[in-house]
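Trainee: Under full-length UniProt numbering, the residue at position 78 of the sequence shown is numbered 78, and the numbers go up by one with no gaps.
The structure follows.
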Amino acid sequence: GLPPQGTVHWLNMRSWISRHLHLSCPRRVFSKRSLPKLLELYQRVFEKPADRHSDFSRLARILTGNAIALILGGGGARGCSQVGILRALCESGIPVDLIGGTSIGSLMGALYAEDRSHTRMRIRAREWAMEMTSKFSKALDFTYPWASMFTGAAFNSSISNVFKSKQIEDLWITYFNITTDITASAMRVHTDGSLWRYVRASMSLSGYLPPLCDPKDGHLLMDGGYINNLPADVARSMGAKVVIAIDVGSRDETNLTNYGDSLSGWWVLWKRFNPLAEKVKVLNMAEIQSRLAYVCCVRHLESVKNSDYCEYIRPPIDRYRTLEFDKFDEIAEVGYQHGKTVFDVWSRSGVVEQMLKDRHQEDFHNIQRKGNVLTCPNASFTDLAEIVSRIEPVKPAVMDEESDYHTDYEEEALESALSDTEVHGRYGEHTEGEETADTDDELEAHTGFVTSPNSSHPQPAFDRPPEELTNQQSPSKQSIK
Numbered sequence: 001g002l003p004p005q006g007t008v009h010w011l012n013m014r015s016w017i018s019r020h021l022h023l024s025c026p027r028r029v030f031s032k033r034s035l036p037k038l039l040e041l042y043q044r045v046f047e048k049p050a051d052r053h054s055d056f057s058r059l060a061r062i063l064t065g066n067a068i069a070l071i072l073g074g075g076g077a078r079g080c081s082q083v084g085i086l087r088a089l090c091e092s093g094i095p096v097d098l099i100g101g102t103s104i105g106s107l108m109g110a111l112y113a114e115d116r117s118h119t120r121m122r123i124r125a126r127e128w129a130m131e132m133t134s135k136f137s138k139a140l141d142f143t144y145p146w147a148s149m150f151t152g153a154a155f156n157s158s159i160s161n162v163f164k165s166k167q168i169e170d171l172w173i174t175y176f177n178i179t180t181d182i183t184a185s186a187m188r189v190h191t192d193g194s195l196w197r198y199v200r201a202s203m204s205l206s207g208y209l210p211p212l213c214d215p216k217d218g219h220l221l222m223d224g225g226y227i228n229n230l231p232a233d234v235a236r237s238m239g240a241k242v243v244i245a246i247d248v249g250s251r252d253e254t255n256l257t258n259y260g261d262s263l264s265g266w267w268v269l270w271k272r273f274n275p276l277a278e279k280v281k282v283l284n285m286a287e288i289q290s291r292l293a294y295v296c297c298v299r300h301l302e303s304v305k306n307s308d309y310c311e312y313i314r315p316p317i318d319r320y321r322t323l324e325f326d327k328f329d330e331i332a333e334v335g336y337q338h339g340k341t342v343f344d345v346w347s348r349s350g351v352v353e354q355m356l357k358d359r360h361q362e363d364f365h366n367i368q369r370k371g372n373v374l375t376c377p378n379a380s381f382t383d384l385a386e387i388v389s390r391i392e393p394v395k396p397a398v399m400d401e402e403s404d405y406h407t408d409y410e411e412e413a414l415e416s417a418l419s420d421t422e423v424h425g426r427y428g429e430h431t432e433g434e435e436t437a438d439t440d441d442e443l444e445a446h447t448g449f450v451t452s453p454n455s456s457h458p459q460p461a462f463d464r465p466p467e468e469l470t471n472q473q474s475p476s477k478q479s480i481k
């Protein structure tokens, strides 16, 4: 069908909506047929196995808390492997109900969320990758390196050519991406707005591209990899039951040379250019700054890998550098072969079946096995009403008949009620023919307060003993006479 459009305007007219989903409905949903014809039609439909990838299956998983999220991490050209992994994911029958990413993962995730087709996604991703290999456009975009080496105009054009004027709200699958707000020093999760703009912001690598100004508040946005390169926790907070996280980030070298308490740059140069000297591994200034920028991200990545809700996948792409987009086909094939192997193992070991299993169904059957009468499998709504009717009502506490003590809370309640009564009597207006309370007994009957013979303060009716309430509310024989 036609892609969704105009969702922003539709949502602005309904500000009470907190979340939306796009569904592609078959024509039979809107057909006008008699009830017997509909029953006959849907009996034939129910005979067929349910399509896991259909919009209504996705809606059912989201409503029942069984959504499956796909998270794509950042890593430059290594992110091309995510195209191949997505192909293997679809072939294995695992659906995607929520997709999010950071840096290159935000681009790949947006391509899949827009088309829901790994074939179409591969074609568009490859076209963009080939454009990124153009040295001529990079030379024209070069500028004086005040904030970055490039102006960002050529990169903006390449991203906007991919997504045009598409809004995040118009994507078929619920989507988000991550950026680093260097104005507020915080992580930003984008679930609405211009798609190309926030994808570009999530891919703004420091030193190469300048920060992008957010049109909403003017904050400067940078690559989301500096703060959360694999946002599986964000997907979990959005209601995902299982999160499949694909990590394509670079791995830092940990086997470095111990050069002592001081370091001479001339010594490093001699070791590097002398063919007979022993090779040393010493970080330069750029590498030190890069590692400092990713300290928070690395610690967060370890917590995600150890979480029980996350299925962590890392393809063997460490040999590829960040800007090797010219090797798109090779990297994508590596991702496909690795994903195919992983998902085959999942299928044989029952991981896929566990993902698609309703998490509430097992809990429901476990409760039934306990033999509790209140959870009878054949119970109906009328049985529930009968069970509720057996609950004894809460009995009000009755104070001692001779007690005339009030707590501070009760005194404040009494004073508040008396002041409301005085204001009502002073400013209240009565229409013609309306009954008014002229005597103290009638006033007490209306306000629910009674006066104790041993106290000048009125007391709430529910704090008096039943015998005294009967004496106070029923008229005596003398008063009748």
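The beta-carbon is built from N, C-alpha and C at its ideal position, and this holds for glycine as well.
These numbers come from a predicted model, not from an experiment.
Report the partner residues of residue 493 according to the DSSP bridge assignment.
Mentor: With the chain covering 1 to 481 only, the question about residue 493 has no answer from this structure.
Trainee: Return the residue from the list Ser134, Lys135, Ser137, Tyr112 that minimises the CA-CA distance to Ala125.
Mentor: The candidate whose alpha carbon is nearest that of Ala125 is Tyr112.
Trainee: If you compare alpha carbons, which of Ser18, Ser81, Ser31 is closest to Asp326?
Mentor: Here the closest residue by C-alpha is Ser81.
Trainee: Hey, which unbroken runs of the beta strand (DSSP E) at 3 residues or more fall wholly within the stretch 26–74?
Mentor: The stretch 26–74 contains these whole beta strand (DSSP E) runs: 67–72.
Trainee: State the CB to CB distance for the pair Arg236 and Tyr336, rounded to an integer number of angstroms; the pair is presumed to be in contact (CB under 8 Å).
Mentor: Wrong, their Cβ atoms sit about 27 Å apart, outside the cutoff.
Trainee: Report yes if the C-beta distance between Ala240 and Ala50 is below 7 Å; otherwise report no.
Mentor: Contact flag unset, no.
Trainee: Using a Cβ-Cβ cutoff of less than 8 Å, which residues in the same chain neighbour His20 once the five nearest sequence positions on both sides are dropped?
Mentor: Only Thr7, Leu11, Glu169 meet the Cβ criterion.
Trainee: Roughly how many whole angstroms lie between the Cα atoms of His190 and Leu59?
Mentor: His190 and Leu59: Cα-Cα distance of roughly 22 Å.
Trainee: Any idea what DSSP makes of Glu253, helix, strand or coil?
Mentor: In this structure, Glu253 counts as coil in the three-state DSSP scheme.
Trainee: Residue range of the alpha helix (DSSP H) that Thr174 falls in?
Mentor: No alpha helix (DSSP H) contains Thr174, which is instead part of the beta strand (DSSP E) from 174–181.
Trainee: Return the residue from the list Val280, Leu323, Val268, Val83 that minimises the CA-CA distance to residue 482.
Mentor: The question about residue 482 has no answer here: the residues shown for the chain are numbered 1 through 481.
Trainee: Could you give the distance in angstroms between the alpha-carbon of Arg28 and the alpha-carbon of Ser103?
Mentor: In a straight line, the C-alpha of Arg28 is about 41 Å away from that of Ser103.
Trainee: Put Val342 into one of helix, strand or coil per three-state DSSP.
Mentor: Note: Val342 maps to helix in three-state DSSP.
Trainee: DSSP beta-bridge partners for Leu21?
Mentor: None, per the DSSP bridge assignment.
Trainee: Only counting the same chain, and skipping five residues up and downstream in sequence, which positions put a Cβ closer than 6 Å to that of Asp192?
Mentor: Excluding sequence neighbours, Asp192 sits near Ile168, Glu169.
Trainee: Go to Tyr198, then tell me how far its alpha helix (DSSP H) extends in each direction, as first and last residue.
Mentor: Element bounds for Tyr198: 195–202.
Trainee: Just to confirm the assignment, what range does the beta strand (DSSP E) spanning Lys241 have?
Mentor: Where Lys241 is concerned, the enclosing beta strand (DSSP E) stretches over 240–246.
Trainee: Does the Cβ-Cβ distance between Tyr312 and Ala245 come in under 7 Å?
Mentor: Yes, they are a contact pair.
Trainee: Can you give me the C-alpha to C-alpha distance between Ile331 and Ile85, rounded to a whole angstrom?
Mentor: Distance between the alpha carbons of Ile331 and Ile85: 11 Å.
Trainee: Between the stretch 85–102 and the stretch 217–231, can you find at least three pairs of beta-carbon atoms closer than 8 Å?
Mentor: With the cut-off at 8 Å, the stretch 217–231 and the stretch 85–102 touch.
Trainee: From Ala77 to Ala147, what does the alpha carbon distance come to, in whole angstroms?
Mentor: Their Cα atoms are separated by approximately 23 Å.
Trainee: Report the partner residues of Gly100 according to the DSSP bridge assignment.
Mentor: In DSSP, Gly100 forms a bridge with Ile71, Phe176.
Trainee: In terms of alpha-carbon separation, which member of Leu107, Ile317, Glu131 lies closest to Met121?
Mentor: Closest option to Met121, Cα to Cα, is Leu107.
Trainee: By a C-beta neighbour count over all protein chains shown, 10 Å radius and 16 as the cutoff for buried, is Phe46 buried or exposed?
Mentor: The residue is exposed, with fewer than 16 neighbouring Cβ atoms inside 10 Å.
Trainee: Comparing alpha-carbon positions, which option in Phe343, Val96, Leu212, Lys32 lies nearest Thr183?
Mentor: Of the candidates Phe343, Val96, Leu212, Lys32, the one whose C-alpha sits nearest the C-alpha of Thr183 is Leu212.
Trainee: Along the chain, where does the beta strand (DSSP E) that runs through Arg188 open and close?
Mentor: Here the beta strand (DSSP E) through Arg188 covers 186–190.
Trainee: Give the range of the beta strand (DSSP E) segment to which Leu221 is assigned.
Mentor: Here the beta strand (DSSP E) through Leu221 covers 220–223.
Trainee: Buried or exposed: Glu278, going by 16 or more other Cβ atoms within 10 Å of its Cβ?
Mentor: By the neighbour-count rule (16 or more Cβ atoms within 10 Å), Glu278 is not buried but exposed.
Trainee: Quick one: what does DSSP say Leu356 is sitting in, helix, strand or coil?
Mentor: In this structure, Leu356 counts as helix in the three-state DSSP scheme.
Trainee: Going by C-alpha distance, which of His9, Arg52, Arg44, Ile227 is nearest Val352?
Mentor: Comparing Cα positions, the closest option is Arg52.
Trainee: Which value, in whole angstroms, describes the spacing of the CA atoms of His300 and Arg44?
Mentor: Going from the Cα of His300 to the Cα of Arg44 covers about 50 Å.
Trainee: Taking buried to mean at least 16 other C-beta atoms within 10 Å of its own C-beta, is Gly74 buried or exposed?
Mentor: Its Cβ being crowded by 16 or more others within 10 Å, Gly74 is buried.
Trainee: In chain order, what residues of the same chain lie with their CB nearer than 6 Å to the CB of Trp346, ignoring the 5 residues before and after it?
Mentor: Excluding sequence neighbours, Trp346 sits near Val352.
Trainee: Among residues of its own chain, excluding the 5 on either side of Ala201, which ones have a beta-carbon nearer than 6 Å to its beta-carbon?
Mentor: Closer than 6 Å at Cβ, skipping near neighbours: Thr179, Leu212, Leu221.
Trainee: Whose CA, out of Arg87, Pro145, Ser134, lies closest to the CA of Ile123?
Mentor: Comparing Cα-Cα distances from Ile123 to each of Arg87, Pro145, Ser134, the minimum goes to Arg87.
Trainee: Count the CB pairs spanning the stretch 137–153 and the stretch 204–219 that are closer than 8 Å, and state whether there are at least three.
Mentor: With the cut-off at 8 Å, the stretch 137–153 and the stretch 204–219 touch.
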